[in-house]
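Notes follow the structure.
Numbering (full-length UniProt numbering), first residue to last: 1 to 347.
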């Protein structure tokens with residue numbers, strides 16, 4: 001005989017939260033891009049509510065993730081840069097779901113800064129790809145001459161295929177542990193629903209996919225920015241500051257550099273699409289998919305040469321607009337939503 005508790009839990013779907021790092025919504029086919037190849041994300045979108053105008057709340061890794069996790073704007077939680085502490089007393093989506101008796105599991109990058117590396121998750125399957133310390137505190141007193149540690153245009157001028165990278169190693173580990181966890185969840189007989197967050201570090205710069213994914217594209221297929229480079233004197237004050245912060249004064253970006261960077265970026269997105277496809281296949285093969293809400297998003301976007309700009313740190317479209325799809329066709333009719341939403345709307 002089914003107990004009341006089991007009846008309640010039976011009606012609560014599992015949640016698989018898939019996150020990439022630095023995917024701009026306009027870079028994806030589901031938003032009209034004619035170059036990038038993402039068959040698995042495209043198939044997911046066909047069964048999803050697709051939010052066409054979804055935006056991050058801060059175009060920088062740590063603050064935007066803290067905002068997403070808490071449902072609060074970055075300024076309200078003192079999340080200003082990649083050295084801001086994610087305060088342990090802040091309730092997160094993992095805390096709320098744990099209170100509803102969900103098993104909460106984190107696999108991959110979340111950029112938690114500070115001693116608390118769980119923030120409501122019961123389990124963490126991998127370490128983070130970035131340090132939890134405060135070593136990236138920016139020198140705000142340097143003014144416009146400040147250059148972020150490790151941020152240069154080398155990712156642009158040296159873009160191309162590589163044999164192996166830290167990003168490949170990390171994302172392979174994330175995929176491995178995520179797949180193993182899916183199989184464990186399918187066979188453990190536990191009636192509690194799960195909230196599994198799987199977060200990759202690609203296609204964050206540098207733009208260096210493996211040869212397999214580089215070869216998905218021919219050089220002549222690669223598109224160019226919609227908005228060409230804007231001369232320095234015509235830039236707004238913020239963009240002029242980023243000109244130096246990103247080291248654009250140190251390099252001359254040629255058309256070959258631009259093409260190779262976008263080529264590498266698309267290849268890395270295809271790599272993540274491939275991994276997402278295998279995770280979704282595992283959910284389907286184990287019979288879990290029909291009772292699992294699947295959410296796919298990115299922490300923020302990537303300028304990819306638009307206006308002559310790179311990376312993020314600004315609220316122009318390519319840096320701040322993110323993919324957001326929510327799939328649960330048993331309850332949510334697949335459709336496209338044109339209204340504005342942001343990551344804070346998820347909680």
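Cβ coordinates follow ideal geometry from the N, Cα and C atoms, glycine included.
Length of the line joining the Cα atoms of residue i and residue j
i	j	result
residue 63	residue 70	11 Å
residue 15	residue 319	27 Å
residue 134	residue 212	36 Å
residue 219	residue 263	7 Å
residue 350	residue 19	Past the edges of the chain, shown from 1 to 347, lies residue 350, and the structure says nothing about it.
residue 332	residue 304	33 Å
residue 89	residue 314	29 Å
residue 265	residue 48	25 Å
residue 287	residue 186	8 Å
residue 97	residue 120	9 Å
residue 113	residue 87	8 Å
residue 57	residue 325	17 Å
residue 11	residue 231	57 Å
residue 238	residue 273	33 Å
residue 243	residue 123	41 Å
residue 282	residue 184	11 Å
residue 80	residue 72	13 Å
residue 51	residue 306	22 Å
residue 217	residue 175	24 Å
residue 285	residue 259	39 Å
residue 39	residue 141	46 Å
residue 346	residue 215	36 Å
residue 255	residue 247	18 Å
Supposed contact pair residue j and residue i - C-beta distance, whole angstroms, cut 8 Å
i	j	result
residue 33	residue 61	Residue 33 to residue 61, Cβ: 23 Å. No contact.
residue 74	residue 67	5 Å
residue 297	residue 337	No, residue 297 and residue 337 are not in contact; Cβ-Cβ is about 14 Å, not under 8 Å.
residue 129	residue 201	5 Å
residue 204	residue 167	7 Å
residue 181	residue 105	6 Å
residue 13	residue 293	5 Å
residue 161	residue 208	7 Å
residue 271	residue 178	Contact flag wrong, Cβ pair sits at about 15 Å.
residue 171	residue 275	7 Å
residue 334	residue 46	7 Å
residue 251	residue 157	6 Å
residue 154	residue 111	About 22 Å separates the two Cβ atoms, so there is no contact after all.
residue 302	residue 24	5 Å
residue 35	residue 221	6 Å
Per DSSP, the bridge partner or partners of residue i
i	result
residue 342	55
residue 326	49, 295
residue 210	162
residue 194	103
residue 336	50
residue 114	Partner(s): none; residue 114 has no beta bridge.
residue 17	197, 295
residue 124	106
residue 321	55
Residue i versus the options, residue with shortest Cα-Cα distance
i	options	result
residue 269	22, 95, 12	22
residue 27	78, 168, 317, 327	317
residue 245	93, 279, 152, 168	152
residue 290	179, 38, 328	328
residue 103	109, 302, 233, 93	93
residue 300	42, 237, 312	312
residue 295	339, 230, 343, 125	343
residue 41	224, 30, 132	30
residue 234	330, 261, 308	308
residue 224	154, 257, 248	257
residue 249	255, 136, 284, 310	310
residue 351	55, 100, 117	Here the chain comprises residues numbered 1 to 347, so residue 351 is not present and cannot be evaluated.
residue 164	222, 17, 210	210
residue 159	195, 261, 330	261
residue 206	340, 109, 139, 267	267
residue 192	101, 17, 214	101
residue 109	115, 132, 91	132
### Query
For the region 234-284, which segments carrying the alpha helix (DSSP H) assignment without a break, of at least 4 residues, lie completely within its bounds, in sequence order?
237-245
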